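Novice: The numbering of the sequence shown is our numbering, which starts it at -14 and goes up by one.
The structure that follows is given in the form of structure tokens.
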Amino acid sequence: MQDSTWYVVAMILYLLAMAAIGFWSYKQTDQYDDYVLGGRGLHPFVAALSAGASDMSGWLLMGLPGALFLTGMSELWMAIGLLVGAWANWKWVAPRLRSYSEIAGNSITVPSFFENRLHDKSRVLRILSAVIIIFFFTFYVSSGMVSGGRYFESTFGGDYLVGMLIVAAVTVFYTFVGGFLAVSYTDTVQGLLMFASLIIVPIMAIMTLDNPGDIFSFAAENPYASGGVIENPEYFSLFSGVSAAVIIGNLAWGLGYFGQPHIIVRFMALRKPADARAGRFYGVSWMFLSLIGAIFVALAGTVFFTNTDHAITDQENYETIFLDMAQVMFHPLFAGLVLTAVLAAIMSTMSSQMLVVSTSLIEDLFLIVAKKKPSQDVLINLSRTAVVAIAIIATVLAINPSDSILGLVGFAWAGFGSAFGPLVLLSLYWKRLNSTGAIAGMVTGAIVAVGWGMSALSDALYELVPGFAISLVATVVVSLVTKAPDTKVVTEFEEASQLAKLVENNKNLGFEEAAEKVQN
């Protein structure tokens, strides 16, 4: 039996499992709120791994190992920034957003939370938030399409376009059918598969080497003429060859966490705010160990592809190291199961993003202009239609990719981090914030991120740094020079803060019971 046949068998098994989860989720989804947010009943383990899997995507298995392989350990600043940012997000945003989003009109989307938190009657804040989500997620989903196409190129030697379309179709299917629950539980399975693969592949690769210790010296001492690693004495240095601006820019990826809608929506779906502590442990532990695995994939690759006759498929960005290594080492069936980790990473991110976009289209745009609120079934079907629409647009953009996976992700990550990051933090921790300041900061952050990212300035400093900083300043300054929020908004903020403190520190205290204590 040919290797490609075994790969197909492994993939079919995986896709059937995803379809089964989608069908189960379909049976659990009766109401529109269930389709969008899972009825706020998400277990912290599921929330943590689904957030991690939807965050890391093909970047963890393809983009990061490729960057480390090609450039060296100076790329680790990005991983460090992301790890710290993830911890901070779970620590300071998760519990408070879970409690405040329910107090603020039982908000089920990020734009609706902004509007309800600030009592913005103009609807401008909500509409602009939805437009920003749709714009940047289109590029984000497109990066997943690119990963899917390259996955099929490396695994089957097949056509990029065909692979991209297959991945897109399957992802759309289970997102379309099962909504938030399907996305969250498939993401959890995908996160576990990614984790296992990132541990197994580098360990097995290192065990095949005649001298495993070479992984800590080879790239610094030996030229790899056929594969892309050029002799670099400073390969293992975190500081050599990188400027302070580059280090700051890479660390700043961690700031982006505060503004990622597909991640923070998991916080809103937790069973209770106190679950954020367990979620932080699960999520950060998973991320730390997965990043270690990705690092060792790159390190092992520098020696592995020299000691064998095998070449790396992607000779430009070297983002197929993980795929190529698994194919060389394992029996085709097991290799196929390992390779599905990349498919899992791609699909987990795409599904989360498509669901957030479809929700914004319906909840934050359509329902604003609709003269009469449709029935629950109609709302669910409209959201499903929106999932298909955004997938089609992203597919068109991905047909001829003009950037690396990491480049596409970086653009969208900076956009969300700049537009929403400061606003999320100030919404949760600053009672003087008003809707005028929120709009000014959000728009400023998005414009700066796009403008800076499309200019030569992005080569000197990652656009998230100026975008986040200028957005924060604009939000604070405009809020201070314009009318203060009314008493009702301030009172609600103080109640939410007290409630957050109560439920964060007492895991046995129910949300309703805590709310009664605050009101009394």
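Beta carbons: idealized from backbone N, C-alpha and C, even for Gly.
This structure is a prediction, so every number in the text was calculated from the model and none was measured.
#1: Once DSSP output is grouped into helix, strand and coil, what is the label at Leu446?
#2: Mind checking whether Val69 and Ala379 have CB atoms under 8 Å apart?
#3: For a test of the three-state rule: what should DSSP assign to Leu194, helix, strand or coil?
#4: Under a Cβ-count criterion, where at least 16 other Cβ atoms within 10 Å of its own Cβ denotes burial, should Lys12 be classed as buried or exposed?
#5: Tell me which same chain residues have a C-beta within less than 8 Å of the C-beta of Ala210, skipping the five on either side of it?
#6: Considering only C-alpha positions, which residue in the set Val157, Ser169, Phe98 and Leu177 is nearest to Asp19?
#7: For Asn196, count neighbouring C-beta atoms within 10 Å of its own C-beta (all shown protein chains included) and say buried if the count is 16 or more, exposed if not.
#8: For Lys257, is the classification buried or exposed, using 16 other Cβ atoms within 10 angstroms of its Cβ as the cut-off for buried?
#9: Tell me the residue span of the alpha helix (DSSP H) that contains Val511.
#10: Report the option in Leu382, Val373, Ile377 and Thr344 whose CA atom is closest to the CA atom of Leu364.
#11: On the criterion of 16 or more Cβ atoms from any shown chain inside 10 Å, does Gln508 qualify as buried, or is it exposed?
#12: Let me know if Ile188 comes out buried or exposed under the rule of 16 or more other beta-carbons within 10 Å of its beta-carbon.
#13: Hey, could you find the ends of the alpha helix (DSSP H) Met332 is sitting in?
#14: Which residue from Asn235, Gln312, Met63 and Glu100 puts its Cα closest to that of Phe137?
#15: When DSSP builds the beta bridges, which residues end up paired with Leu255?
#16: Can you give me the start and stop residues for the alpha helix (DSSP H) that Phe273 sits inside?
#17: Taking only three categories from DSSP, how would you classify Gln16?
#18: On the three-state DSSP scale, how would you describe Lys486?
#19: Just tell me which of Ala376, Trp398, Met332 and Ala399 has its CA closest to the CA of Thr173.
#20: Report the three-state DSSP secondary structure of Leu418 (helix, strand or coil).
#21: Which value, in whole angstroms, describes the spacing of the CA atoms of Ser132 and Gly436?
#22: Do you know offhand how far Gly90's Cα is from Ile353's?
#23: Measure the CB-CB distance between Met179 and Ala330 and report whether it falls below 8 Å.
#24: Counting only the same chain and skipping the five closest in sequence on each side, list residues whose C-beta sits under 6 Å from that of Ile191.
#25: Can you give the Cα-Cα distance for Met427 and Ala73, rounded to whole angstroms?
Specialist: Reading off the structure:
#1: Residue mapping note: residue 446 aligns to position 461 of the sequence shown, counting from 1. Here Leu446 sits in coil by DSSP.
#2: For this step, residue 69 is matched to residue 84 along the sequence shown. For this step, residue 379 is matched to residue 394 along the sequence shown. No; because the gap between Cβ atoms is not below 8 Å, this pair is not in contact.
#3: To locate residue 194, count along the sequence shown from 1; it is residue 209. Coil at Leu194, not helix or strand.
#4: Within the sequence shown, the letter at position 27 stands for residue 12. It is exposed - the Cβ of Lys12 has fewer than 16 other Cβ atoms within 10 Å.
#5: Here residue 210 is taken as the residue at index 225 of the sequence shown, counted from 1. Note that Ala210 has pLDDT 46, beneath the 50 cutoff, so the model's placement of it is unreliable and the number below is only indicative. Cβ neighbours of Ala210 beyond the five flanking positions: none.
#6: By 1-based counting over the sequence shown, the position of residue 19 is 34. Ranking the options by Cα distance to Asp19, first place goes to Ser169.
#7: Within the sequence shown, numbered from 1, the residue matching residue 196 stands at position 211. Its Cβ having fewer than 16 others within 10 Å, Asn196 is exposed.
#8: Counting from one through the sequence shown, the residue named residue 257 turns up at place 272. Buried is the call here.
#9: Here the chain has residues from -14 to 505 only, and residue 511 is not among them.
#10: One-based indexing of the sequence shown puts residue 364 at position 379. That would be Thr344, whose Cα lies nearest to the Cα of Leu364.
#11: Look at the range of the chain in this structure, -14 to 505, and you will see that residue 508 is not part of it.
#12: Position 203 of the sequence shown holds residue 188. By the neighbour-count rule (16 or more Cβ atoms within 10 Å), Ile188 is not buried but exposed.
#13: Looking up residue 332 in the sequence shown gives position 347. Note, Met332: alpha helix (DSSP H), Pro317 to Thr344.
#14: For the purposes of this step, residue 137 is taken as the residue at position 152 of the sequence shown. Comparing Cα positions, the closest option is Gln312.
#15: Residue 255 sits at position 270 when you count from the first residue of the sequence shown. Leu27.
#16: Here residue 273 refers to the residue found at position 288 when the sequence shown is read from its first residue. First-last of the alpha helix (DSSP H) with Phe273: Asp260 to Asn292.
#17: By 1-based counting over the sequence shown, the position of residue 16 is 31. Gln16: coil per DSSP, three-state reduction.
#18: Start at 1 with the first residue of the sequence shown, and residue 486 comes out as number 501. In the structure shown, the three-state DSSP call for Lys486 is helix.
#19: Within the sequence shown, residue 173 is the residue found at index 188, counting from 1. Considering only alpha carbons, the answer is Met332.
#20: Taking the sequence shown and counting its residues from 1, one reaches residue 418 at position 433. Coil, per DSSP.
#21: Taking the sequence shown and counting its residues from 1, the one referred to as residue 132 is at position 147. Taking the sequence shown and counting its residues from 1, the one referred to as residue 436 is at position 451. Approximately 26 Å between the Cα atoms of the pair.
#22: Locating residue 90 in the sequence shown gives position 105, where the first residue counts as 1. Locating residue 353 in the sequence shown gives position 368, where the first residue counts as 1. Distance between the alpha carbons of Gly90 and Ile353: 15 Å.
#23: If you number the sequence shown from 1, residue 179 lands on position 194. If you number the sequence shown from 1, residue 330 lands on position 345. Contact flag set, yes.
#24: Position 206 of the sequence shown, counted from the first residue, corresponds to residue 191. Pro197 and Ala285.
#25: The residue labelled residue 427 in the question sits at position 442 within the sequence shown. The residue labelled residue 73 in the question sits at position 88 within the sequence shown. The straight-line gap from Cα to Cα measures roughly 21 Å.
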